[in-house]
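A.B. asks: Here the sequence shown is numbered in the numbering used here, starting from 7 and rising by one per residue.
First the structure, then my questions, so here it is.
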Amino acid sequence: MTQNVADHLLRRLSQWGVTKIFGYPGDGINGLVAQMGRLPEGPRFVQSRHEEMSAFEAVGYAKFGDGPGVCLATGGPGAIHLLNGLYDAKLDRVPVVAIVGQADRTALGGSYQQEVDLHSLFKDVAAYLATVTVPEQLPNVLDRAVRTALGRSAPTVLIIPGDVQELDYTPPEHAFKHVPSSAPDRLHEHPRTLPPVHALDRAAQVIDAGERIAILIGQGARGAGQEVLDLADATGAGIAKALLGKDVLPDDLPEVTGSIGLLGTRPSWELMRDCDTLVIVGSNMPYTQFLPPFGRRAVQIDTDPGAIGMRYPTEVNLVGDAKATLRALLERLDRPDELTGPRRRWRTSIEEGVARWWDVLDAQARIPADPVNPMLIVHELSLRAPDDAVITADSGSVTNWYARLLKMRAEMRGSLSGTLATMGCAVPYAIGAKFAHPDRPAIALVGDGAMQMNGLMEMLTARRYHELWDDPRLVVCVLHNNDLNQVTWELRAMGGSPKTPFSQDLPELSYAAFAEQAGLVGITVDGPDGVGPAWDRALAADRPALIDVRCDADMPPIPPQVDREQLVDTVKALLSGDPDRRGVAVRGLAAKAREFFPGSG
Ligand SMILES: Cc1ncc(C[n+]2csc(CCOP(=O)(O)OP(=O)(O)O)c2C)c(N)n1
Ligand SMILES: [Mg+2]
């Protein structure tokens, strides 16, 4: 029986281990979709409400699972819709393969309906981009698209004109101008690169000379958690985490200071301010002002030679895999049996600071608010999140509460749009997570703006597929403040401007009623006492659930070290007729006070 191009493509993707394709149909991909119908043993189609969601679902799938995430869209509008999700993959370094339709070859270049110059559209975002014009080309470009996505942790795009999908498949020949390919494997995926010995020796000297060592980890340290802990134990270091590295090590370890940066913790801020030596492992966090003042000694470990030494003037740059490089480094360090002297004192001060900080957060979460303090939502979740939970957070004020208050435990996973910081990713990420781990509960923390932008419609996707999941729990928690609150605070703090209601206010909606109407569990919370029971109920539900929490928009996301000028600007905004000034200053000050006097709340 002859095989067509679509059939070959789907079977090859199966050999690559692809079992799900997140997509939305259109006539540019009819050949592929039709073939999926004929090939029940091939990858399954997961239908979203919007191609951007398909791309986010592929990103979520790959972030939490064993990628690549694969998404599929028609040419023209479908392709354009994918773009934000693909940039999210590019910026957070996630392996995603996008397969996109195009006008038939007979019409290409003729301004045919839905014909868009897809090479121009995708050329910046895609680490590899190719159009299949004849069947013989397919194995090479398809395998390269997958290998490049996996090997470079990046999005790649394959464009297949509609008519090509339906051509009979003929393999490349051993001939001029034909390109072969080799069978799928995952060997290239995690190359264990090691820096040269002289660089490791120098790095070990720098670390050995340090008395107050700080470690910063990012997502590049994933899989090297034990080695990071060994380094911290050997040297008395504290460990701060960039946002995407939040789940690399749990938050219940005494030397882990938690998140860093504007959304970070005070112990992380102090760790960086007071250290004499910095070791960065797999982090590309751009906010230099949250790293130590220039002039401290520093070592960086990263797999990417193009992304090293550019966030801090580091003395030794180790290009290599985090785990292997840390092991090689540990072998070279002076490792006394126990910590003594300045290193002991440093470690003790870090541990005391961390313990105090958790008390501060506890008190901050209990500050009364109108009606619910948003910090309480994440605080209560930390007490209840199942050990195997996969937690996603959207971009908005909730990012602050996720970064600071969510207490990661050993097996938990978490992620967000760390670098693009796009709104509207948390619900589709959680759906992607459910397909990567159908046996684990997923929890999405989402602002009402992000919910109106993307999340609401994807609840229908969750409803549609939840019966396929062994554990049907997908809990979406909406921070209902009728405001684009994070930006409202940025306007106040950075721009010195009062809230501009015409741009910031959101239309009212009952998210819980929407969920119920969609056949899911909907829970409304309008007071602090309802928060804990709502989590309990949602986490015990037999289907996806939505918790709609009315929360206070006046709770400022105060950065760990409030810049004096930012504070002054905030106060100015409050005094200049801000319609929400009621309560803001009081609660802001109360929150700040509790950082210094945790016992007072
Ligand atoms: C696609 C996109 N558009 C705009 C922004 C800018 N932005 C960042 S956070 C935010 C407000 C989010 O509001 P909401 O989801 O209601 O969360 P809240 O901050 O109110 O908790 C906006 C507009 C963005 N990050 N992404
Ligand atoms: Mg909001």
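Cβ atoms here follow ideal geometry from the backbone N, Cα and C, with glycine treated the same way.
Could you give the uninterrupted runs of the beta strand (DSSP E) lying entirely in the region 458-516, keeping only those of 3 residues or more?
C.D. replies: With a minimum length of 3 residues, the continuous beta strand (DSSP E) runs that stay inside the region 458-516 are 480-486.
A.B. asks: Quick one: what does DSSP say G301 is sitting in, helix, strand or coil?
C.D. replies: Three-state result, G301: coil.
A.B. asks: For D554, list the residues DSSP reports as bridge partners.
C.D. replies: V484 and T530
A.B. asks: Specify, as a first and last residue, the run of the beta strand (DSSP E) that N323 falls within.
C.D. replies: V322 to V325
A.B. asks: Alpha carbons only, please: which of G242, A547 and I397 is nearest the one belonging to A215?
C.D. replies: Nearest C-alpha to A215: G242.
A.B. asks: Between P550, S20 and A68, which lies nearest to P49 when the distance is taken from Cα to Cα?
C.D. replies: It is S20 whose Cα lies nearest to the Cα of P49.
A.B. asks: Less than 7 Å between C-beta atoms, sequence neighbours within five positions excluded: which residues of the same chain meet that for P604?
C.D. replies: Reliability fails at P604, whose pLDDT of 47 lies under 50, so the model's placement of it is uncertain and no value is given.
A.B. asks: Work out the CA separation of V360 and P3 for me, nearest whole Å.
C.D. replies: No information on residue 3 is available, as it lies outside the stretch 7 to 607 that the chain covers here.
A.B. asks: Can you say whether S403 is buried or exposed, counting buried as having 16 or more other CB atoms within 10 angstroms of its CB?
C.D. replies: buried
A.B. asks: Starting from the N-terminal side, write out each stretch of the beta strand (DSSP E) that is 3 residues or longer and does not extend beyond the region 18-92.
C.D. replies: 26-29, 50-53 and 75-79
A.B. asks: Is G430 close to ligand 2? I mean its beta-carbon at under 6 Å from any heavy atom of the ligand.
C.D. replies: no
A.B. asks: Span of the beta strand (DSSP E) holding A448?
C.D. replies: A448 to G453
A.B. asks: Got a sec: does ligand 2 put a non-hydrogen atom nearer than 6 Å to the Cβ of G455?
C.D. replies: Yes, ligand 2 has a heavy atom inside 6 Å of this Cβ.
A.B. asks: As a quick exercise: from T398, I213 and D454, pick the residue whose alpha carbon is nearest that of R338.
C.D. replies: The option with the nearest alpha carbon to R338 is I213.
A.B. asks: For E417, which residues from the same chain have a beta carbon less than 7 Å from its beta carbon, with the 5 sequence-adjacent residues on both sides left out?
C.D. replies: D393 and D394
A.B. asks: Please look up how many angstroms separate the CB atoms of L490 and G455, rounded, as I've assumed it's under 8 Å.
C.D. replies: 5 Å
A.B. asks: Counting Cβ pairs, one atom from each stretch, are 3 or more of them under 8 Å apart for the region 331-351 and the region 313-323?
C.D. replies: They do not touch, by the three-pair rule.
A.B. asks: Any beta carbon of chain D sitting closer than 7 Å to that of L89?
C.D. replies: Note that chain D does not occur in the displayed structure, where there is just one protein chain.
A.B. asks: To the nearest angstrom, how far is the alpha carbon of G301 from that of I356?
C.D. replies: Their Cα atoms are separated by approximately 22 Å.
A.B. asks: Buried or exposed: H56, going by 16 or more other Cβ atoms within 10 Å of its Cβ?
C.D. replies: buried
A.B. asks: Have a look at Y118 and T139 and give me their C-alpha separation to the nearest angstrom.
C.D. replies: 17 Å
A.B. asks: State the DSSP-derived secondary structure class of I223, mapped to helix, strand or coil.
C.D. replies: strand
A.B. asks: Could you check which residue in V11, G453, E179 and M561 has the C-alpha nearest to that of N488?
C.D. replies: Nearest C-alpha to N488: G453.
A.B. asks: Whether or not the region 82-97 and the region 29-40 are in contact is what I'm after, with contact meaning three or more pairs of Cβ atoms, one per stretch, closer than 8 Å; do they touch?
C.D. replies: yes
A.B. asks: Thinking C-alpha only, which one of L127, Q306 and P167 is nearest R111?
C.D. replies: P167
A.B. asks: Just to confirm, are A432 and A448 a CB contact at a threshold of 7 Å?
C.D. replies: no
A.B. asks: Looking at the secondary structure, which residues open and close the alpha helix (DSSP H) in which S403 lies?
C.D. replies: For S403, the uninterrupted alpha helix (DSSP H) run begins and ends at S403 to L411, by DSSP.
A.B. asks: Given that a residue counts as buried once 16 or more other Cβ atoms are within 10 Å of its Cβ, and exposed if not, what is K26?
C.D. replies: buried
A.B. asks: Going by C-alpha to C-alpha distance, which of L250, N146 and L269 sits closest to N290?
C.D. replies: L250
A.B. asks: Tell me whether H204 is buried or exposed, calling it buried when 16 or more other Cβ atoms sit within 10 Å of its Cβ.
C.D. replies: With fewer than 16 Cβ atoms within 10 Å of its Cβ, H204 is classed as exposed.
A.B. asks: Who are the Cβ neighbours of A61 in its own chain at under 6 Å, not counting the five residues just before and after it?
C.D. replies: These residues qualify, in order along the chain: C77, L88, G91 and L92.
A.B. asks: For a test of the three-state rule: what should DSSP assign to G424, helix, strand or coil?
C.D. replies: Correct three-state label for G424: coil.
A.B. asks: So, is E344 buried or exposed, given that buried needs 16 or more other C-beta atoms within 10 angstroms?
C.D. replies: exposed
A.B. asks: In chain order, what residues of the same chain have a beta carbon less than 6 Å from the beta carbon of D94, not counting five sequence neighbours either side?
C.D. replies: Once the five neighbours on either side are set aside, the close Cβ partners of D94 are V65, S423, L426 and T428.
A.B. asks: How far does the beta strand (DSSP E) with V630 in it extend, from its first residue to its last?
C.D. replies: Outside the shown range of the chain, which is 7 to 607, sits residue 630, and nothing can be said about it.
A.B. asks: Taking its Cβ as the centre, do 16 or more other Cβ atoms sit within 10 Å of T162, making it buried, or is it exposed?
C.D. replies: Looking at its Cβ environment, which holds 16 or more other Cβ atoms inside 10 Å, T162 is buried.
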